[in-house]
């Protein structure tokens, strides 16, 4: 596990121990949810097996793709393009196929450092396992050819200074195009790269509802009292981010079990679900802290959103230059109710990650948010966190300023 994970766990235990204990008490998996998680673990194990069976078919092309030739390269924020062009160079390109899809992965890294191939293969293995799983659920029309550019820049996501609007430099790590025959993913930070990769594949493989008309999103503005000028909520980002975090947590646990307990324990499914719950309690608490952090940046707290009245000040205070509300606020709510969220997915998406793309299902998703957003337990814990964050925001620590979306990273 990377040092940042331990640092953030200690940050929670020192400053947010009571909210964390409340989250632990709230977070329980039913038999249905345990089955879903264990079934996902079976898919992870099968993907891992497929990797070992097909590793010889993965081609190190020896030919480097020039990312600047990509039609989407210019969409990378300029400060990141400068890092890429001045400090990084292409290191490896790998080609492989899963089912009928063709994938290319291009790694860019520090020009002045040498890297063992094991580094790239470790990254590639994780990507392969997830792509194996995702390809089972994705439409055959999406990403028949997918090129993934990995720019391992050291830049971290950090909260900007007061009065600076949170934008792509502070909150984003990657971008892609939604479901088309040929797509690209550009990941321009090393920080959180694998969770971000899972997130972006939900877009490029068409597992979310990004290609649907966004006419229903104004309902979110109404529920939370947001100004009409906040007109790019991208509700699908909340669905994608929650699934990316849940899947990423399962992958973390899978690798931790192999590392610490041996391969034989990976098959102990009951233990797996309990371990996922343990990790998820930290992720939920951290997500609520991040939600509070974003709202406090604009002089708000979660109670203001619950009131959704002209007197709450939400409409005049909250603004965004990237879909921060979906990434941090809605995601926090949905992750807190992970049990209900998984059950909702099993019912409304027929047990698939692939969102059923109908206006009725989007409406049902909004109803799910509305039903849970003023839940007494969630609001009570958020109120605790809002108070604690206000009191310790001046603490000089990564936990006070990071804009990461996940706590765990290996």
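Numbering (full-length UniProt numbering), first residue to last: 1 to 410. For each residue, glycine too, the CB sits at the ideal point set by N, CA and C. Given the structure is predicted, the values throughout are model-derived calculations rather than measurements.
| So what's residue 126 in DSSP terms, helix, strand or just coil? | Here residue 126 refers to the residue found at position 126 when the chain shown is read from its first residue. Note: residue 126 maps to helix in three-state DSSP.
| said: Am I right that residue 199 and residue 240 are in contact with their C-beta atoms under 8 angstroms? What's the rounded C-beta distance? | reply: Stepping through the chain shown from its first residue, residue 199 is reached at position 199. Stepping through the chain shown from its first residue, residue 240 is reached at position 240. Confirmed, about 5 angstroms.
| C-alpha gap between residue 302 and residue 189, whole angstroms | Translated into the one-based positions of the chain shown, residue 302 becomes position 302. Translated into the one-based positions of the chain shown, residue 189 becomes position 189. Their backbone Cα atoms lie some 30 angstroms apart in a straight line.
| message | Would residue 212 and residue 292 be called neighbours here (beta carbons separated by less than 8 angstroms)? | response | Counting from one through the chain shown, the residue named residue 212 turns up at place 212. Counting from one through the chain shown, the residue named residue 292 turns up at place 292. No, they are not a contact pair.
| query | What span of residues does the beta strand (DSSP E) with residue 95 cover, start to end? | reply | Here residue 95 corresponds to residue number 95 of the chain shown, with the count starting at 1. Segment 88-98, the beta strand (DSSP E) holding residue 95.
| task | Report the rounded CA-to-CA distance for residue 100 versus residue 23, giving the unit in angstroms. | result | Residue 100 sits at position 100 when you count from the first residue of the chain shown. Residue 23 sits at position 23 when you count from the first residue of the chain shown. Approximately 42 angstroms between the Cα atoms of the pair.
| message | Does the segment 143-156 come into contact with the segment 73-90, if we say contact requires no fewer than three beta-carbon pairs (one atom in each stretch) closer than 8 angstroms? | response | yes
| field | Closest residue to residue 234 among 123, 251, 6, 362 (Cα-Cα distance) | value | Indexing the chain shown from 1 puts residue 234 at position 234. The residue with the shortest Cα to Cα distance from residue 234 is 362.
| message | Runs of 4 residues minimum, wholly inside the segment 100-156: which ones carry the alpha helix (DSSP H) assignment? | response | 117-137
| request: Within the segment 224-298, note down every full alpha helix (DSSP H) run reaching 4 residues or more, in order along the chain. | output: Runs of the alpha helix (DSSP H) inside the segment 224-298: 236-261, 269-297.
| task | May I ask you to report which of helix, strand or coil DSSP gives residue 36? | result | Counting from 1 along the chain shown, the entry for residue 36 is found at position 36. Residue state, collapsed to three classes: helix.
| First through last residue of the alpha helix (DSSP H) which encompasses residue 377 | One-based indexing of the chain shown puts residue 377 at position 377. Per DSSP, residue 377 belongs to the alpha helix (DSSP H) from 376-392.
| Quick one: Cα of residue 321 to Cα of residue 232, how far? | To locate residue 321, count along the chain shown from 1; it is residue 321. To locate residue 232, count along the chain shown from 1; it is residue 232. Taking the straight line from one Cα to the other gives about 9 angstroms.
| said: With distance defined between alpha-carbon atoms, name the residue in 328, 329, 368, 330 nearest to residue 343. | reply: Residue 343 sits at position 343 when you count from the first residue of the chain shown. Comparing Cα positions, the closest option is 368.
| Could you give the C-beta distance for residue 183 and residue 173, rounded to a whole number, given that I count them as a contact under 8 angstroms? | Your numbering for residue 183 matches position 183 in the chain shown. Your numbering for residue 173 matches position 173 in the chain shown. Distance from residue 183 to residue 173 at the Cβ level is roughly 17 angstroms; contact not present, criterion being Cβ atoms closer than 8 angstroms.
| By DSSP, does residue 72 sit in helix, in strand, or in coil? | Along the chain shown, read from residue 1 onward, the residue named residue 72 stands at position 72. Coil at residue 72, not helix or strand.
| query | Between which two residues does the alpha helix (DSSP H) carrying residue 174 extend? | reply | Residue numbering aside, residue 174 sits at position 174 when the chain shown is read from its first letter. Residue 174 -> not in any alpha helix (DSSP H); beta strand (DSSP E) instead, spanning 174-176.
| Pick from 1, 289, 318 that is closest to residue 300, judged by C-alpha positions | As a first step, residue 300 is located in the chain shown; it is residue number 300 there, counting from the start. The shortest C-alpha separation from residue 300 is found at 318.
| said: I'd like the span of the beta strand (DSSP E) that includes residue 185, first residue to last. | reply: For the purposes of this step, residue 185 is identified with residue 185 of the chain shown, where counting begins at 1. It spans 182-187 - the beta strand (DSSP E) in which residue 185 sits, taken as one unbroken run.
| When 316, 97, 228 are compared against residue 145, the one with the closest alpha-carbon | Taking the chain shown and counting its residues from 1, the one referred to as residue 145 is at position 145. The option with the nearest alpha carbon to residue 145 is 97.
| said: With the cut-off set at 8 angstroms, would you say residue 244 and residue 275 are in Cβ contact? | reply: On the chain shown, residue 244 is found 244 positions in, with the first residue counted as 1. On the chain shown, residue 275 is found 275 positions in, with the first residue counted as 1. No, Cβ-Cβ distance for residue 244 and residue 275 is not below 8 angstroms.
| field | Nearest-angstrom Cα separation, counted from residue 45 out to residue 332 | value | For the purposes of this step, residue 332 is taken as the residue at position 332 of the chain shown. For the purposes of this step, residue 45 is taken as the residue at position 45 of the chain shown. In a straight line, the C-alpha of residue 332 is about 28 angstroms away from that of residue 45.
| request: Measure the C-alpha to C-alpha separation of residue 201 and residue 95 and round it to an integer number of angstroms. | output: The sequence position of residue 201 within the chain shown is 201, counting from 1. The sequence position of residue 95 within the chain shown is 95, counting from 1. The alpha-carbon atoms of residue 201 and residue 95 are separated by roughly 17 angstroms.
| query | Is the Cβ-Cβ distance between residue 205 and residue 283 less than 8 angstroms? | reply | Position 205 of the chain shown, counted from the start, is the residue given in the question as residue 205. Position 283 of the chain shown, counted from the start, is the residue given in the question as residue 283. Going by C-beta atoms, residue 205 is not nearer than 8 angstroms to residue 283.
| task | Would you grab the beta carbon distance between residue 15 and residue 392 for me? Rounded to a whole angstrom, and I think it's under 8 angstroms. | result | The residue you call residue 15 lines up with position 15 of the chain shown. The residue you call residue 392 lines up with position 392 of the chain shown. That pair is a contact at about 5 angstroms.
| message | Is it buried or exposed, residue 225, if we count other Cβ atoms within 10 angstroms and call 16 or more buried? | response | On the chain shown, position 225 is the one that residue 225 refers to. With 16 or more other Cβ atoms within 10 Å, it is buried.
| Local Cβ density within 10 Å of residue 191, reported as buried at 16 or more and exposed below that | If you number the chain shown from 1, residue 191 lands on position 191. So residue 191 ends up on the buried side.
| task | In the DSSP assignment, find the unbroken alpha helix (DSSP H) run with residue 408 in it and report its ends. | result | Translated into positions along the chain shown, residue 408 becomes position 408. Note, residue 408: premise wrong, no alpha helix (DSSP H); not H, not E.
| From residue 165 to residue 298, what distance separates their C-alpha atoms? | Translated into the one-based positions of the chain shown, residue 165 becomes position 165. Translated into the one-based positions of the chain shown, residue 298 becomes position 298. In a straight line, the C-alpha of residue 165 is about 9 angstroms away from that of residue 298.
| Supposed close pair residue 88, residue 110 - CB separation, criterion 8 angstroms | Translated into positions along the chain shown, residue 88 becomes position 88. Translated into positions along the chain shown, residue 110 becomes position 110. The Cβ separation is near 6 angstroms, so the contact holds.
| message | Can you look up residue 304 in the DSSP assignment and give me helix, strand or coil? | response | On the chain shown, residue 304 is found 304 positions in, with the first residue counted as 1. Here residue 304 sits in helix by DSSP.
| message | For residue 121 and residue 246, what's the separation of their Cα atoms in angstroms? | response | Stepping through the chain shown from its first residue, residue 121 is reached at position 121. Stepping through the chain shown from its first residue, residue 246 is reached at position 246. Near 23 angstroms, if we compare the C-alpha coordinates of residue 246 and residue 121.
| Going by C-alpha distance, which of 220, 397, 178 is nearest residue 305? | As a position in the chain shown, residue 305 is number 305, starting the count at 1. Looking at the Cα atoms, 220 is the closest of the given residues.
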